[in-house]
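For the sequence shown, the positions run 552 to 876 when the numbering used here is used. Accompanying notes for the structure given below.
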Amino acid sequence: MKLSIHTESWPAARPFRITGREWLSFESVVVELAEGGAIGRGEALGVFYSDETAASLAAQIEQVAERVEAGIDRAALAAVLPPGGARNAIDCALWDLESKASGKRIFELAGVEPRTLTSVYTISIEATPERMAAHAASAASCPLLKVKLDGHQPLERMRAIREARPDARIVVDANQGWTLAQLKSLAPAFANLGVEMIEQPLPRGADAELEDYRSPVPLGADESCLHLGELEAAARRYQVINIKLDKTGGLTHALELARAARSRGLGLMVGCMGGSSLSIAPAFVVGCLVDLVDIDGPLLLKRDRMPGLTFDRGQVHPPDASVWG
Numbered sequence: 552m553k554l555s556i557h558t559e560s561w562p563a564a565r566p567f568r569i570t571g572r573e574w575l576s577f578e579s580v581v582v583e584l585a586e587g588g589a590i591g592r593g594e595a596l597g598v599f600y601s602d603e604t605a606a607s608l609a610a611q612i613e614q615v616a617e618r619v620e621a622g623i624d625r626a627a628l629a630a631v632l633p634p635g636g637a638r639n640a641i642d643c644a645l646w647d648l649e650s651k652a653s654g655k656r657i658f659e660l661a662g663v664e665p666r667t668l669t670s671v672y673t674i675s676i677e678a679t680p681e682r683m684a685a686h687a688a689s690a691a692s693c694p695l696l697k698v699k700l701d702g703h704q705p706l707e708r709m710r711a712i713r714e715a716r717p718d719a720r721i722v723v724d725a726n727q728g729w730t731l732a733q734l735k736s737l738a739p740a741f742a743n744l745g746v747e748m749i750e751q752p753l754p755r756g757a758d759a760e761l762e763d764y765r766s767p768v769p770l771g772a773d774e775s776c777l778h779l780g781e782l783e784a785a786a787r788r789y790q791v792i793n794i795k796l797d798k799t800g801g802l803t804h805a806l807e808l809a810r811a812a813r814s815r816g817l818g819l820m821v822g823c824m825g826g827s828s829l830s831i832a833p834a835f836v837v838g839c840l841v842d843l844v845d846i847d848g849p850l851l852l853k854r855d856r857m858p859g860l861t862f863d864r865g866q867v868h869p870p871d872a873s874v875w876g
């Protein structure tokens, strides 16, 4: 098996802001695995709050290159690399390679029934509530919005967006930006505004107090549940688990986490760290198993990789074989 690695930079369509961070571009690592005339590809962006970067992922992959090229399957990969972006890129490339070598689509290999998905369209933090409301209004064709909020004017921003889009289904994401006191104050008002979920209100590692809190709006774990090893604690604090392949270390473990979380009666969503359609196509497979889909990464870019996924009025169609899998 021949391994090749390179990094890419994808300019953002507009500045993308969340609590404490802004992106003007999205940096990724791409892995290609060639064997028997077939080439499998995988793209990862990594977990930024774990200090992963495209460069660090490439270096991590280089460290195991000899082991990969000697021949590795997805089970052995999990013993070689921990959950994270480096394992994600290789894992997804292995799935793609198997799909091409076998002539079977990814859905058949993964045992997942494909369907058209409705994804969120993300409204990132902007300078004023009015600007965020204008952004939401400009996305009138998207029925499901995800609104990024921090501790500055969260209720004012949400009210402005709801006024601009009374028709939309809305979830919000605080990206660890609130205190418990803020959550307790905001949650009833957000429930009245029809917010369907509040994602990651408190910081990772500082959310144990949620075990004694009953929110009027379901709470979702993102930063607080990276992989299966963190599910038990997250299940005591949240009602929804956000699965991201960069966190789990690829599609293989993402499917395991989805099934384990569902067996506990938890709600499921699939998310992304941004990125082109090559990074989003594997997440689409998980999206067919979940309740809430957040795979609008290509819509955050000035341009997508071609060929890419097809987005149409908030809907995402199953990836063509030429895209991935």
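Even for Gly, the Cβ is constructed at its ideal location relative to N, Cα and C.
- Taking a cut-off of 8 Å for Cβ pairs, the stretch 618 to 626 and the stretch 679 to 687 do not touch, as fewer than three such pairs fall below it.
- If you compare the alpha carbons of SER579, TRP561 and ALA715 with that of ASN639, the shortest gap goes to SER579.
- Taken in chain order, the unbroken stretches of alpha helix (DSSP H) that lie wholly in the stretch 790 to 872 and span 4 residues or more are 796 to 799, 802 to 814 and 828 to 838.
- Taking a contact as a CB-CB distance under 8 Å, the pair PHE835 and LEU668 counts as one, their CB atoms being some 7 Å apart.
- For ARG618, the enclosing alpha helix (DSSP H) starts and ends at 616 to 620.
- Pairing VAL791 with GLY816 gives a Cβ-Cβ distance that is not under 8 Å.
- The criterion of a C-beta distance shorter than 8 Å is satisfied by PRO767 and ALA738.
- Here the C-alpha atom of GLY771 lies approximately 43 Å from the C-alpha atom of GLY587.
- ALA719: not part of any alpha helix (DSSP H); DSSP gives it neither H nor E.
- Put simply, the backbone Cα of LEU744 is about 29 Å away from that of VAL837.
- Beta-carbon to beta-carbon, ASP845 and CYS823 are separated by about 7 Å, close enough to satisfy the 8 Å threshold.
- In this model, MET552 and LEU802 are separated by some 20 Å (Cα to Cα).
- Under the DSSP definition of a beta bridge, SER555 partners with GLU583.
- Shown here, ASP701 sits in coil according to DSSP, grouped into three states, outside any helix or strand.
- In this structure PRO634 is in contact with THR799, their Cβ atoms being roughly 6 Å apart against a cut-off of 8 Å.
- Restricting attention to ARG788, ILE712, ALA637 and SER653, the CA atom closest to the CA of LEU761 is found in ARG788.
- The beta carbon of ASP773 sits closer than 8 Å to those of ASP724, ASN726, GLU750, GLN751, ASN793, LYS795 and GLY822, all from its chain and outside the five residues before and after it, given in chain order.
- For ASP797, the number of other beta carbons within 10 angstroms of its own is at least 16, and it is reported as buried.
- Taking ARG864 as the centre and dropping the five residues before and after it, the same chain places the C-beta of SER692 closer than 6 Å to its C-beta, in chain order.
- Given a length threshold of 4 residues, the stretch 737 to 781 has no whole run of the alpha helix (DSSP H) inside it.
- For GLY636, the uninterrupted alpha helix (DSSP H) segment begins and ends at 636 to 653.
- PRO858 and GLY826 have their C-alpha atoms spaced approximately 14 Å apart.
- Distances from the CA of ARG720 to each of PRO680, GLU747, GLU613 and THR730 were compared; the closest alpha carbon is that of GLU747.
- A residue is called buried when at least 16 other Cβ atoms come within 10 angstroms of its Cβ; LEU575 does not meet this threshold and is exposed.
- Between the alpha carbons of ILE712 and GLN614 lies a gap of roughly 47 Å.
- Counting along the chain, GLU677 sits inside no alpha helix (DSSP H), nor does DSSP assign it H or E at all.
- Here the stretch 582 to 600 lies against the stretch 645 to 653, with 3 or more beta-carbon pairs under 8 Å apart.
- Distance between MET820 and ALA742, taken at the CA atoms: about 19 Å.
- CA-to-CA, the gap between ALA626 and ALA872 works out to about 24 Å.
- With a beta-carbon spacing of about 6 Å, GLY636 and VAL598 fall inside the 8 Å limit used to define contacts.
- In this structure, DSSP gives ILE612 a helical state, which the three-state scheme calls helix.
- By the neighbour-count criterion, in which 16 or more other beta carbons inside 10 Å mark a residue as buried, HIS804 falls on the buried side.
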